[in-house]
Each structure stands twice: as structure tokens, then as C-alpha cells.
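Engineer: Can you read through this structure? Questions will come right after.
Residue numbers (my numbering), protein chains in the order written: chain A, 2 to 428; chain B, 2 to 428; chain C, 2 to 428; chain D, 2 to 428.
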């Protein structure tokens, strides 16, 4: 499928949600983009994504404010709030900001909610290029369970397709490279919104600009796996992920269940990395302004799982506040090589809270991650036979960049609770 | 419970939905009220109920028109559309019409949707007697699955209770005797809205006027039976009922399941009687302007089941078009006596499509209904022993008003498909 | 319904499960019967019930032993294990023991599992009074999820009805007054076994001896409430109940949901009372030989809820080990009067963890129970208006048997966590 | 994973179920094997599979006979009924028959039910190589919903693993190449039996003989896709498939949902092909001895879907009764090439009842199947652009082996109801 070409390796970048909730400003976006260009671009990091509510002038945290007015153009399309994104004034939209991000050698992404603004429906505003109005294409009883901004679109209505085309045409004009569509992959009210996913797929193809399509929120149901693969580049396996061990613990099961549905251009998504300084103006995840609550062991465990599974990596912290440790998690070339070049990752086994995964690259190297996700220190072990390789192998610790000698038969590590080790096996 | 006093026998009356959908006018309501006063009042019929959308000036059928403007007062309360209810103009509301109905010796009822108008929320209008506004009390993500007029109310918000009080105060001022609240007993999105049911119960108690409380739509879940009994007078056991055999067939199971939850003041509701001329301006039930599609056998079967079960009886047809047959179904004193005086009705047995119910009155008479709800003529039979009565009994056909001699041991009738017989057994 | 006559007030008695699990012996049953005759009979206690596995010679605790041989007669009917019930030897069954219990002025009950022994099916033994054999009437794929003794019966098979008749004929011959049928009211595999419930109802009617029918386990689904009322005298609202606060806490919600389905002869059942010495040879409920783990406050709270709701009362402890406190819970005539004479009990309100119930008797007395089921001391309060009574009332503490003066308007008590108070209001 | 090597292309062969139900004999198996060797082997057909109940001497049709005795060795392992498989007498098991099938250049498969015979549990027979007995390893309450032969195995019990090892050791000794395990991929009682799937995977690896592992029945839940891929070679997407259009219609949706989970060694399975003479001694599928009820159009539609999706192909008819038409469906090299060499098949689109699939081979050919699964003749069409290929292409009808000229832009065919066309596009 053509759209798989837009993300042949899992996207890696930055997203404003974990630090700024619904409130990020142009200045903050630019600041993080500059940081990425300077410190991370050379390692492959490339996306700068503005998350939800950029069209809401009065947003104050991660908590949604019901029924407030949003910035909208005459064609029922939301546009950036000029008080927060000054360069967008006078109908310029995100074009100036996207241009700036591009000038740094990076890519620019935005978040949208599926559907059409409720305010457009109640004001019955126009749909670009049609003689239809918002009221005529809204799906009368399709709402988001957690945000009051939008009604869904009824795909059977004349004008529905044109509305989505007009949206993505606008985004293409702005220079958007990545779109995270929300309230679409799962909904406690309606399940997966398959119709709108297909409308959006077509709108992207028609807009003439390649854009990575990311679907939220999760957990996206496995039942619709084929639909996600056929229409998107990434989709969330999980509800919002935060720096809470229980959520990380559950991710192992999620990754296992989705592990046969990972491939070039389609990436089940374990959600953003709540690392470094987060919660600056967000109160989600049961906390506020802080350094991540994950311990260092947990941070490496998370990075290792995301890497071997090939989840997209979207850093959630205010990057300009990164300390050395945090930066070290994002700049380990050997780990990032696995993220980029690994294929056919699989869980070798799970016995209660001992979990072993492996993957390989085209040069014949094998990568093995051993996890102790239980609450007591324990040995975790795997044999070369279980890994389907029998020759003695040289072993190297990827995070520590240290060589560990030769393995004849079996790898065994004593691991503290929540700790892991990530090794490379080569000839 | 006090509110059970408001309906010690199951309410019987007329409702505008089956004939006029969302469009009934004052003239039509008055015409039917006059017909009832003249022809039916003496048999006990008393409620005249205006169904949904009386606040929508442009309603044209039973199909809801999404997002259209509704008539509303300054306090976010819907009021009658003056073009349809001329006497309501100048802030009089339903008071003149209710007065007229009362002058005929009848009672007046209205239908409402739970919640607050979406237009009030988007305009952020005031809540009577508070310094709150609509946006502050709306349950941000609670909608009706089939109608776009309202948002639900969040009971935890300050002003929520006051809003419902202001509604029922208004209805009390109008002289309303019966309120059918919709989108509350069941919802494909949210199940039963228990919080708003309790808010409404309290609002009625506080308004100072007894009002029968009817909850829709169905099927109301048995799981919440105690809540319904504690808070309402009637609640729908079924989704909308129409003149379709399959729906009538299913009602036998529904009545059986609810049969232990019928008592003075609390009446599980089998929905309106789609008899006589219906569909005048309604397109629901897959048909339009017509005489009921039920055969005469089916009509008696329906009336017999509703009667023995003690469902409320709400006639759905344009009464002024009643023919003699239809009128005969509503004016059989012997049948209506069972409806009023029967107690402890129960299904004696069901064997596939043979069904037998019985009930009794305080004078010691026994009433037995035998149904053939299958597709072939068959004998349906029950013994005096199964009915827990052993003496020989005199038997009388209630619908035909004919005596059928003495029963020594067993009642047996040959019944055509969909037919039934309803008999009285006395000493 | 005739069978409602067999238990016009909720049954009260003793059951062997909580103390002896699957292992009770004749000696222990007789000892408890003698205790009841001497100490409790005058207060109304009357049933002595032998719980599960009385047909298993080698039972050792409450844990079921899979696939072990059971004592069975030539007609596929289980009979008492003679090593445990010596008087049953030589084909006498439970007759001698029942006779003894009757001689004490008490009634005798047994527990059975629905269905036919698997060993009968695999040996293909005979069915009494038919030319059918066990294999021909077994429901091939109907088992109990937690016990390997039985297969279900297929009601459509010839011989099925006769098998159940032969069982209850045998029990009638023995002199059984009460039958608790298990694996029938709920099953994690098959839901409620409605067919076998109806077979058993008929078998009891035909056996010529009135027997109270109790259905287990729970939670029996409300969906089938009418079926339970029509066919049984009591049915479990809950899975096995033990001396664990969380289970008692949940019972308040269960009682509320079933509160409209309590009446003369049909009693939703909150399960046995794990009071006094329990766990003698039972390891269920996560504990072994002990005095109940409930605090005194919790014990009164439990007794009060069971009483006002009119649950059957089946004491679960080894009665001969009762201390004074425990005995006092079973011999308070004023409380037992409410259990026997109360009607139309209802939950007046529940606000988080404050719960108030009331009931009344035919002499016009009102009984009110106020509960604090939260974790902090709090005031619980109710007004005479909420209780639908307006005159000043005299108030009396039922458990303490103390007068509390006159109530003008409102009752308020400060209650410790898990505590309650049970008062009588009279003129 | 190593076991994927055992079936790098989807298995194709014959299975006895559709024609002989539970009753096939050695003579019939040999006859079909000889037919295959002579007529089909050169096209790649290779498996001869004996379906269920080969251990039941008295099997008479496809209907299971409850609780009948089965042939079993001293170690609780079922063995062939010697009256049906004479060469198996004297403890030889299936070895002579497997040897014969091998001598024809074919492979030999058997069907088993998960678990241990109930008769072993009730007789408490031994487990090979252990001091455990059947009763000790049975999962006490795990049964098959539709067959009374077995209890499940409790993987936590000592001896459980050894029992499965002893089974597969026996099958390895016999020379079994393919095992279809039933009551394991889905169960209306217990869902997917993940534990026993993993036990069986390990038992196969340990037995030293490569065996293809096929899991039944369906529908296997997508939720467990990763488990199936990791442990099996094929698993049923569907409940039993028969020559009924509705079942074929539904298969399109099933194939779409599983289409991203097909790869070398793991093959979602659309079930056997009910073609030719079927129902010889089977009464399943609502019919008996017959030629397939599918029309010729439907037969090609089925073969085309199975082929392009790469479902295993297991012919269900008595092959010796094949007519020329039936044989032609199995011997079209061009179609079989797609089945063997196609990869990355996908549904291009589905619009109501128009469905288009495509796949490709490593030589760069594209294969397109257009289906009309509706009830009226219609045009079905797809553009080269939608197929992600833009050059003009030569088109060839695969079933008819006719060239259809050059396609410039779009393929369109008028298709009768239930008909399809299968074309090759090449440069």
C-alpha cells in the first residue's frame, strides 16, 4: 500500500502533550524544534507534533473546557488560535510554523479530532467547495466521550467526503507531514470509527502531500487490525500512557498481542514517552510539573520494550530541560539501530513476570531483551536454542555499550524488580 | 412510597405519537380530548398526552430534524411552539390547553427529553433561580442516541437540581398531570440514566403537584427494577411498539419477565396501543397513514395481554376516526374491570407458543387468558388445578360477553394463529 | 402459587457448610439439632440442613475431591455415606436422621446438586420406573464449573422427568422438608438452568410432601426473577458469603436491587450467617477453624440487614460452641419479630456509604435501620418525612432493648465505621 | 520460529470429515490416498487426514454418540479402533496405514481432541512415564461443548506435560505428519485454550518429528492471533464450513480481518472444501449423501478466495467419485501457482457486495480476484491505480486459461450473483 511508504521505519519525534497538555505555544514548539535540530536530529529524530486544542484560545491545562468557542474559518475548519500561534494570524494557519520547522531539517505534525466542530453545526456554516453546510454532514449522534468540540461526520451524506478533503487540502497547504487523528481508533461509546478512518485515508491520498497517519486513542481493538494496517501508519495499542508502573507492566501484554502486526509502514503504537520534564501545564496522569516518576531501571525497561517492538518513539518531555541521563536514552546509536533495523521481533517466552523478547537485523545480528517485571529480584534466562541460534555468540550490552564475552548455550542475568537488560548477539 | 399514590391503577389515556409523530397541534389535541370526554371518559379513560417535539415549530413527521432551533424561554426551558399551540403564546405555555383538558374532566400530560437543550448550552443561557448557566450543568458527553435536541445534566454540578426543579415548577404552573420522560430508562449509549431519574423524582415531589412519572424508552433493564419502582410510576419494557406481529409476539416474554414487579403505583409499560387510524403524520413502524395492520384476532390478543398484565393503556390512534370495532376494544367494561381490579397476574405456563395467564380480583373471581401465538391452529388448555382452584366454576367470555357454562376440571379452546380467548371463572 | 405456602415467612435454621464443609457427620447434625431444640426452637428456629457431599464417604474438608466414587443406589440416586451417617445403612437413607430431627420438633433439609452422577452415566445405570438408563437422560455437555460429581439432565429426553420424580419421591420417603439445589441458579458456564428448575418444581409438587425449595449458587440474575418466584422459595443473591467485610459491603447493593421481589413464600437469599465457630473442617473463605472474623459491629450490621430485608437466616456455625454474644444475636425476640412480620422493606436512601432502610408491620410500627458502611465515623440521619410518617414517634433501640424517647422530626445517630443501629418507631 | 518451517506453503490435501463424518475406514482412507497419488500428487496435493473418532468402534455418522467406550491403551491414550482400521491391531496403531500413505509419496495426518479421555479419568488409568494417573492431571471442569469423550488437561498438574509428550511420541512413532487438534482454538464455554496449545507446541518440538499443527474449531479469536502464529501452523477462522452460500458469504469478512496475519508457516484456515461427493455418511451441514450444493459459480468463487487468501486447501469429498468439473478445480496449475507463490494478498476494496482482492508473486505478476457476492448481476471494477500498478498490463483469465488482451487503466467485469473472475496481470 502506497501510504506505508510514508513511514518505512517507525516515526520518532516530539509531541507537546505530556508537557503542555492542551496549551502549547508557538514559542515552545519552536524552542523544542531547535533543541531537536541541534541535539537529536543526527540520531534520526525528526517529527515535531503539536497536540490537541491548538484552535482554542483560552486553553489552560490538559483539562478540556466544555463548549468553549474555537477558532474556525468560514468553511467549518478549525485554525490555530492566533494568541497562541502568532504567526498563524491573517489566515496563514500553521504554514509559517511548518516552514520554520522544515527550515531546521525537521518535519511538522498536528493533532486533530475526527469530525466537524459542534459550533459549526449549531451555526450551520459552509463546507468548502460544496453547497452543503455543517448541519447536513454531521453524524447527528456521534460525539467524543471526553471532549465537547466535535460531532462525527456521516460518511453517507453528500459533502462528507468533500469536508475531509478540504481539511487535508488545508493541511497540505500548511505543509503538514504528520497527522494524529483522535477519537477514532477506539471509543467507549462507539468502538472504532471505521468509516471516518477510510474517509481520512482517501483525503490524504487526494491532498497530494505524503502525511503519516496516526490514530488515537487506544486500545485499538485487534479485531480491526487489518483495517488499521490498510489505512494508517500507526495506531495506539493503549489508552493514554503515563509514568506509572502499572501502565508499563500492562504494555508487555499489549505488545505481545500485536507483535505479529508490525511491519514496514504500519506500527502499533505504545504511546508517547513520559520522560524528562513533563506535566509543565498538564495535570493528566495524576500529577503535575515534575521529572518523570519512572525510575532509571523503569526508563530503560520502557525504552527497551518500545525499541525492540518497534513502537513509534514520541518524546513527551520539555526537551530543553533534559538532563544528561534523559538525553542518553535518546542518543544511543546502538539501541536506535535496533529500533530502525530490527525485524520480526517476538516474545520468546513469558513465565509470570519474566519476559524475554528478541529481534534480528539483516546483518544477522540477534538482539535479546530480558525483563523482570515482577516485584522481587530474580534470574531471567534464555537459551540459544530457544532463540533459534546454536553457534556460540559474542554478547554486548547495548545500553552500557560494554562487551560481555561469549555465550555458549544460555544467557542468564539477575535482574532487580522492573529492571531489564538489552543485549546484542553476533558472530 | 408517596408517588405510588398518583397512579394506584394503571394509567389509561391517549398519546399523540402513533398518529401524529412529532407534529401534533393544539387543535388535534383538543379534538381528541373532546372525543375522549364524550365517548371514553365514562369507562375510565382520562389522560391526554402530547408527545415529543411540541417545542419545535417546524416539525413535519415522526422523523427528527437534527439541530433545528427550538422554542425556549430565557431560563433554558423548552416551551410550546406557538405556531402549533396558539394558546401558548405570550409566555402562557401549556396552561390554557391544560385548563381546557381539565375543563373536560380529563388530565393533561406531556413528553420531555431528559437534559437541557443543546442550543441553551451553546448559547450558554441562564438557569432559573441560580447564577449558573447551561454550560455549567450540562453533562458534557451525554447525548441521546436518536435525537439531537438535548445534553444530559450532570447531577454533581451546582445548579443541576435547580434546573430540574425549575422545569417541574413550570409544568406544575401549567397544570401538567403526567410526564413522560424520554432517553432515560434505557440508552444504547449509556444504559439507564439513574442519576437523572432520581433528580426528576425529587423535582416532582418538590413542585407541589402530583404528576404521574412515565419513563422511556425501553427495554428498561430488569437489573434496575428496584430503582424504577422507587422512583417512577411506569417504565417501558420494550422499544417502540408498532402494529407488527413480531413485536407483539416478543411482548409475551417481556411481560413474563416483569410479572413479579407490577403493583399499585408501579406499572411496567408495554407501550402505546397502535390501534385505529395511525401514522397520520408519522412514518415510524415502517408505514404511514393507515388503519392498524393488526388483525382483529391480534388486536384482541394485544388488548388481552395488556389488560391481564395491567400495562398502562395509551391509545395511539386518531380517536375521532375510530370505527365501531376499535371503539369496542376500549369500552368493554368487563375487560376494563380486570385491568383495574386484577392483582397478582401470572403466566400459568408457556409451552412453545401456547401461553396461559391468569389473574384474580378481590371478589374471588378468576380471569384466564389463553393465547395461541404460533402459526398453526391448536388447542390451548389449562386445568383448574393448575389455576389453584378446584371447585367447578362458571365460565364467561369477556370480549363476547357470553356465558360458556360450567367448567369441572379443564378449560380447552381451539385457537387460530395469533388468536386468544379471555374468560372469567366465578362461583 | 401453591409452593409459596411452604414458607410464608423466611426460613430460619442451621446449615452445616460454614463449619463442616463437605464433611459433616450424623453425630454433629444430631448435636446441633439438639442444641437448636433446646435453645433456639422457642424463637422460631426450625431447619436443620445437611449440606453438600453427604454421599461421599471420603470427604475431608470443604475442598471437592475430583472424580471420587460416591454412594449411589441401583437407580442412579445418591444416598448417604454410611460411614458418616450410620443410621442410613441398609437402604434406610436419611429417614432415621429425619425422624430424629422431627422428634425434636424441627425440620430436616438436605443439599443436592442438579443432575445425575457422572459415575451413573459412565456405568450407565438404571432410572427408576423407566426402561431408560443414565446415559440416555444426561445432558451430554452440562457440568458444574466447580464440582465433578454430576452431569446435568436434558429435559427433552424421555426419562428426564421420571428421574427427578424418583429423586424427590425418595426424599419424601425420607421425610425431607427442605431441599437446597446447587449449580442451578447461576453458573459461570451456562447461566441459570431454567429447565431443571422447572423439572424440580414439578417433581416436588408430585412427590406429595411439601418441601421448601432453595436455589444456589448466586448471584442469581435478576433477569430471571419471575422464574425464581414462580418456581422456588428462596434463591441466592450472592456467591458464597463469608466473614469478610467486602462481601457484607456488597450485600447492601444486592439487597437494594432485589428489594421489590420479596414476598410471602419467595425470599431472595443473602446466604448463610458465618457467625460463632466456623471453619471447623472447612477451608473456604480463606481461613480455617475460628470464631467469625466479623467484629461485633459488623455482626449486628449483618443481622440487621438480613432481618429488615427478610433474607432467610441460616446459621453457619457449630452451635454447641456459641458464646453468649453469638447466642444473643439469635434470640432477640424484637428483632426476630421484624424478620417475621415486616413487609414492604425498602432502602429509603443511600448516599455513598450512608444507607437507611425501613420496613413496617401490620400493627403500624415502623422499623428503621441506619448503616455506616464507610471507613470513617459519621452521622447517619433520616427524617420522618422521608419515612412517610409525620407524627412524633416513640423510638426504641431493638438490639439493646432500650427506649430512646420521642422523635419529632428527624433521627440522627453517630455511627462508627461498619456500625449500624436498628430502631422501632411507634405511636 | 522453527515450526513455521514445517509448512512454508499452505498445506493441501484431503480430510475424511465432509464425506465420512466420524466413520471413515482404513479401506476408504487408502482408496483416497491412492486416488491422490495417481491424480493429484503431481499438482502438489500431499496430506491424507483421518478426522475425528477413529478410536470409536461403533461410530455411525457425523453425530457423536455420548459416553460410548473408546479404544484406549494402558496409558490413557486413544488408539485406532481395530474393526475400522484392521492394520492397527495388536498395538500397531496407525503405523501401518501411515507407512502405506508414505509409500505413495504422501503425508499422513490425524485429528485429535485436546485432553484426556473421560473414561481414563473415571477408570483412573496410568500416564506413561510417570507415577501419576488420569484423575490427577485432568482439568476437573474443562469439557468440550459438543463431544463427551474428553476432559481437558490442567497444565499446572505434575504429569500434564508428560501426558502430552507421550501422545506425540506415540504419533511420531506411528509416522504422523499432521495433527489437527480440536476443541482448542475456540470454545463456547471457555474461549481459546491457550495453555493446552502451548503444551502441545512443546510436545511436538520434543517428539523429534516435524508435524504440522492445525487448530480447530473456529472462529479462532483475532485477540489471540499472536499466540496462534507463535504456536501453530494453521487455525480455523470459522466454525464448520459447509456447502451453504451464507457461510461462503461470511468468509469474505473473515478473510479480510485475518489478511494481515498470513505468512510463511502460519495460515489462517477457511476450513475444508465441501466439493464433489460429500455427506456419504455425514449428516452435518443439514444434508446427507450428495454432490456439493454449491453452484459452479460458487465453487469457483470459493476456490478463488481460498487461493488468493492462501488458506490451506483440504478437499472434503470422496475423491474417487470426482467428476471432471470437480477434478478441474483441483488441477489448475495456474491457480495453484498463486496459492503457492502469492504473497501479501489484500482486499483492495469492498463496496457492499462488490469485493476485489489482489496478490502478487516474486516474478512481479499481479493476481486480481473480482467477486460479486450480492444477489443481482453487476459490474465489478478496479483501476490499475488502486492496484498500485500503473503500466499497461496483459490480462489472463486463470480458470479459463484464456488471454484477455491489454489493460490500460481499469478492469471491469459483469458478474452474475455469487460469481467471480480471477485474472493475472503481467508485463
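Think of the CB as a built atom: it goes at the ideal place given N, C-alpha and C, for glycine as much as any other residue.
1) Between which two residues does the alpha helix (DSSP H) holding residue 199 (chain D) run?
2) Could you check how far apart the C-beta atoms of residue 96 (chain C) and residue 102 (chain C) are, in whole angstroms? I think they sit under 8 Å.
3) Give me the subset of the stretch 43-74 of chain B whose CB atoms are less than 9 Å from a CB atom of chain A, sorted by chain position.
4) Judging by CA-CA distance, which residue of C:307, C:258, C:116 is the nearest neighbour of residue 13 (chain C)?
5) Cβ atoms of residue 23 (chain D) and residue 53 (chain D): under 7 Å apart, would you say?
6) Near residue 168 (chain B), what residues of its chain come up, given a Cβ to Cβ distance below 7 Å and the 5 sequence neighbours on each side ignored?
7) Under DSSP, the beta strand (DSSP E) around residue 150 (chain A) begins and ends at which residues?
8) Kindly give me the distance between the Cβ atoms of residue 399 (chain A) and residue 425 (chain A), rounded to whole angstroms, as I take these residues to be in contact under 8 Å.
9) Taking only runs of the beta strand (DSSP E) that begin and end inside the stretch 309-336 of chain C, which ones reach a length of at least 3 residues, in chain order?
10) Inspect the CB distances between the stretch 395-415 of chain C and the stretch 287-296 of chain C and report whether three or more fall short of 8 Å.
11) Measure the C-alpha to C-alpha separation of residue 34 (chain C) and residue 155 (chain D) and round it to an integer number of angstroms.
12) Could you tell me if residue 236 (chain B) is buried or exposed, where buried requires 16 or more neighbouring beta carbons within 10 angstroms of its beta carbon?
13) Helix, strand or coil for residue 373 (chain B)? Go by DSSP, reduced to three states.
14) Is the CB-CB distance between residue 65 (chain B) and residue 174 (chain B) below 7 Å?
15) Is residue 73 (chain D) closer than 7 Å to residue 118 (chain D) when the C-beta atoms are compared?
16) Pop quiz: residue 312 (chain D) and residue 271 (chain D) are said to be a contact at Cβ under 8 Å. What is the actual Cβ separation, rounded to whole angstroms?
17) Verify the CB distance criterion: does residue 265 (chain A) have a CB-CB separation below 7 Å to chain B?
18) Could you tell me which of C:178, C:187, C:226, C:165 sits nearest to residue 202 (chain C), measuring between CA atoms?
19) Check for me: the alpha helix (DSSP H) holding residue 19 (chain B) runs from which residue to which?
20) Measuring CA to CA, which of A:183, A:6, A:18 is closest to residue 274 (chain A)?
21) Using the Cα positions of residue 83 (chain D) and residue 401 (chain D), report the straight-line distance between them to the nearest angstrom.
22) Exposed or buried, which one is residue 180 (chain B) when buried takes at least 16 other CB atoms within 10 Å?
23) Am I right that residue 302 (chain D) and residue 44 (chain D) are in contact with their C-beta atoms under 8 Å? What's the rounded C-beta distance?
24) With distances taken Cα to Cα, identify the nearest neighbour of residue 349 (chain D) among D:372, D:335, D:336.
25) Given residue 374 (chain A), which residues of its chain have a CB within under 7 Å of its CB, disregarding the five upstream and five downstream residues?
26) Rounded to whole angstroms, what is the Cα-Cα separation between residue 286 (chain A) and residue 368 (chain A)?
27) Please give the ranges of any beta strand (DSSP E) in the stretch 336-405 of chain C, keeping only runs that are unbroken, at least 3 residues long and fully inside the region.
28) Going along chain B in order, which residues have a C-beta closer than 7 Å to the C-beta of residue 136 (chain A)?
29) Going by beta carbon distance, what residues of the same chain come within less than 8 Å of residue 177 (chain A), once the five residues before and after it are set aside?
30) Tell me, to the nearest whole angstrom, how far the beta carbon of residue 261 (chain B) is from that of residue 223 (chain B); I am working on the premise that it is less than 8 Å.
31) Can you give me the C-alpha to C-alpha distance between residue 80 (chain D) and residue 56 (chain D), rounded to a whole angstrom?
32) Measure the alpha-carbon distance for residue 407 (chain A) versus residue 5 (chain D) and round it to whole angstroms.
33) Which residues bound the alpha helix (DSSP H) around residue 30 (chain A)?
34) Just the Cα atoms here: how many angstroms apart are residue 325 (chain D) and residue 304 (chain D)?
35) Anything in chain B within Cβ reach of residue 122 (chain A), meaning under 7 Å, just list it in chain order.
36) Rounded C-beta distance between residue 195 (chain D) and residue 228 (chain D)? I'm assuming under 8 Å.
Structural biologist: On the basis of the coordinates in this document:
1) 195-208
2) Incorrect: roughly 11 Å between the Cβ atoms, too far for contact.
3) 65, 67, 68, 69
4) C:307
5) yes
6) 78, 204
7) 148-154
8) 6 Å
9) 314-316
10) no
11) 41 Å
12) buried
13) strand
14) no
15) yes
16) 4 Å
17) no
18) C:165
19) 18-21
20) A:18
21) 46 Å
22) buried
23) No, residue 302 (chain D) and residue 44 (chain D) are not in contact; Cβ-Cβ is about 20 Å, not under 8 Å.
24) D:372
25) 250, 253, 354, 356, 419
26) 32 Å
27) 344-352, 355-361, 367-373, 379-384, 394-398
28) 67, 68
29) 95, 99, 109, 110, 111, 210, 212
30) Not confirmed; about 10 Å, so no contact.
31) 5 Å
32) 29 Å
33) 27-40
34) 16 Å
35) 68
36) 6 Å
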